[in-house]
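Here is the structure we will look at.
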Amino acid sequence: MKLTVANLPIIAQGQSIFNGASPQAEKIKSLDYGFIAAASLVLLLVVGLTVFITIRYRFKKDDAEPKQTAGNRKLEILMVGIPLILVIVFFFWSLNTMSAVNPDRGRNKPDVIITGHQWWWQASYPGTTANTANEIHLPVGKKILMQLEAADVIHDWWVPSLGGKMDMIPGMHNYLWVTIDKPGIYEGACSEFCGQQHAWMRIRVIAQTPSDYEKWLKGNTSNAVTPADTLAKLGGALFMNASCGSCHNIKGTSANGMQGPDLTHFGSRQTMLTGMMDNTTENINKWLTDPQKVKPGVHMPRFIFGPDSVRALTAYLKQLK
Ligand code: CUA
890 MKLTVANLPI
900 IAQGQSIFNG
910 ASPQAEKIKS
920 LDYGFIAAAS
930 LVLLLVVGLT
940 VFITIRYRFK
950 KDDAEPKQTA
960 GNRKLEILMV
970 GIPLILVIVF
980 FFWSLNTMSA
990 VNPDRGRNKP
1000 DVIITGHQWW
1010 WQASYPGTTA
1020 NTANEIHLPV
1030 GKKILMQLEA
1040 ADVIHDWWVP
1050 SLGGKMDMIP
1060 GMHNYLWVTI
1070 DKPGIYEGAC
1080 SEFCGQQHAW
1090 MRIRVIAQTP
1100 SDYEKWLKGN
1110 TSNAVTPADT
1120 LAKLGGALFM
1130 NASCGSCHNI
1140 KGTSANGMQG
1150 PDLTHFGSRQ
1160 TMLTGMMDNT
1170 TENINKWLTD
1180 PQKVKPGVHM
1190 PRFIFGPDSV
1200 RALTAYLKQL
1210 K
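Here the sequence shown stands for residues 890 to 1210, numbered as in our numbering.
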């Protein structure tokens, strides 16, 4: 079966660190297993000894007062020594993992620049005019350098099956390496509270074979299609007149705003509102009718569109493939 975006398998749904799909995530996973094993052993030991001693040495009738002791050199060395060894081991193991997973970027240029906004993700691809939102296309099998930044407040990028998380801080550029093993859709979410819609700031990484990716990249740089049917044409005119274009960009039209997501190829996305719902006519209608009701707090103002205008706008957006 040929893999298209529509039938790509959803990998690692549930965003688990145990579903590593990149060498970076695998490396972090072994460190996680180490931590979990050590923590479990300590927990077992502490709880086990507590229970054992409580039962074995509980007060019995006619017991005399126990012998009073102060200090036990051997026990103290053991109780300080074991945690100290654990801390040292995990310190160096963590350092080693960090440098293996996220080595210095050196003179490498980023393959993709991802910007966190309240509350959506923007992806641009240096060297091209490709620009997309929320569904971030990347090629498999290549070591990709992501540049992460924020437009407003601090966000945090995390796709657990692809590797570590990284803060996105206004005015700063952070970097993350990722090599994706196989094609599929990888889910993540913003991991730092960034306001009212933080919980609906989902990530979808669409990993494609290099040739499919190149095809997508090239397609994404093209101008928006000109609407063919009457309703979509009407919607297009409405879009431009209602000043939607002062916040949204649609390549090849007068809409060139940068505040909101680029909508040039909106119709080709599977989801909308940062993973909140499927990209369907019904959902776009709902959204345009009252954005604040669907996603309270977003920066999309509430335009008073009548049902006919909403239908026309939806038809226009839907055909922007
Ligand atoms: Cu963006 Cu939380």
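Quick reminder that beta carbons are idealized off the backbone N, C-alpha and C, glycines included.
Candidates the options, of which the one nearest residue i by Cα
i	options	result
Thr1018	Leu984, Phe948, Asp1151 and Ala1088	Asp1151
Thr1068	Gly1053, Ala1078, Pro1059 and Gly903	Gly1053
Ala914	Val990, Pro1059, Pro972 and Ile900	Val990
Arg1200	Thr1021, Cys1136 and Trp1176	Trp1176
Met1035	Trp1009, Ser1013 and Ala1022	Ser1013
Leu975	Leu920, Val1094 and Arg996	Leu920
Ala1204	Val1029, Phe1128 and Arg1191	Phe1128
Ile977	Val1187, Ile899 and Phe924	Phe924
Those residues which DSSP pairs with residue i across a bridge
i	result
Gln1097	Pro1028
Met1166	Met1161
Pro999	Paired residue(s): none; Pro999 is not in a bridge.
Thr1142	The partner list for Thr1142 (beta bridge, DSSP) is empty, contrary to what the question assumes.
Gln1036	Ile1002 and Tyr1064
Cβ-heavy atom distance, residue i to the ligand CUA, below 7 Å
i	result
Glu1038	no
His1087	yes
His1044	yes
Glu1081	yes
Trp1008	yes
Met1061	no
Nearest-angstrom Cβ-Cβ length linking residue i and residue j, presumed shorter than 8 Å
i	j	result
Lys1182	Met1165	Actually they are not in contact, since the Cβ atoms of Lys1182 and Met1165 sit about 13 Å apart, beyond 8 Å.
Glu1038	Thr1004	5 Å
Asn1109	Thr1021	6 Å
Thr1032	Trp1066	Inspection of the sequence shows that residue 1032 is occupied by Lys rather than by Thr. Right, their Cβ atoms sit about 6 Å apart.
Run of the beta strand (DSSP E) containing residue i, from where it starts to where it stops
i	result
Tyr1075	Gly1073 to Ala1078
Gln1181	Here Gln1181 belongs to no beta strand (DSSP E); instead the alpha helix (DSSP H) covers Pro1180 to Val1183.
Trp1066	Asn1063 to Thr1068
Asn1020	Asn1020 to Ala1022
Residue range of the unbroken alpha helix (DSSP H) whose run includes residue i
i	result
Trp1046	No alpha helix (DSSP H) holds Trp1046; the beta strand (DSSP E) holding it covers His1044 to Trp1046.
Asp1056	Per DSSP, Asp1056 belongs to no alpha helix (DSSP H); it is in the beta strand (DSSP E), Met1055 to Met1057.
Trp982	Arg962 to Val990
Ala928	Pro912 to Arg945
Ala1012	No alpha helix (DSSP H) contains Ala1012, which is instead part of the beta strand (DSSP E) from Trp1009 to Ser1013.
Any C-beta of chain C under 8 Å from that of residue i
i	result
Met1090	Checking the listed chains, one finds no chain C in this structure; it contains a single protein chain.
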